[in-house]
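Please read the structure below before turning to the comments.
Numbering (my numbering), first residue to last: 146 to 238.
What follows is the structure, given as C-alpha cells:
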C-alpha cells in the first residue's frame, strides 16, 4: 500500500510541475503530493509494525532493507520536485 502512496505522491508532484509550466497554479498538486508522502511513511511504518506483531521475522528481513531504501528515494524525490514548484510559485509573486 505504501508504494502506491509513494508513486502517487511523485505523480502528483509532476502534475504540479506540469501545471506550473502552463502558467497555472499547481500548488494544490504539491499539497496533495506532500500529503501522500506523509501517508507513505505512515503506511510503511504500519506495515513494519504489523509484521512485528505477527512475528514475521523472515518477512521483515526480506522486505525492510530494500524497501526502506525505496522509501528514502520516494520521499527525497517528492521533496525535491515539490521544492521546485514552491520556488517557482514564490518567484512568480
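Yeah, the Cβ is synthetic: ideal placement off N, Cα and C, and Gly gets one too.
With contacts defined as CB atoms closer than 8 Å, residue 170 and residue 163 fail to qualify as a contacting pair. Taken through DSSP and simplified to helix, strand or coil, residue 199 comes out as coil. Here the alpha carbons of residue 237 and residue 155 stand approximately 23 Å from one another.
Shown here for residue 160: same chain residues with a beta carbon closer than 6 Å to its own, the five before and five after excluded, namely 174 in chain order. Around the beta carbon of residue 199, a 10 Å sphere encloses fewer than 16 other beta carbons of the protein chains shown; the residue is thus reported as exposed. Note that the C-beta distance between residue 172 and residue 232 is not below 8 Å. In chain order, 181, 182, 185, 215, 216, 219, 220 and 223 place their CB closer than 8 Å to the CB of residue 151, counting only its own chain and leaving out the 5 sequence neighbours on each side.
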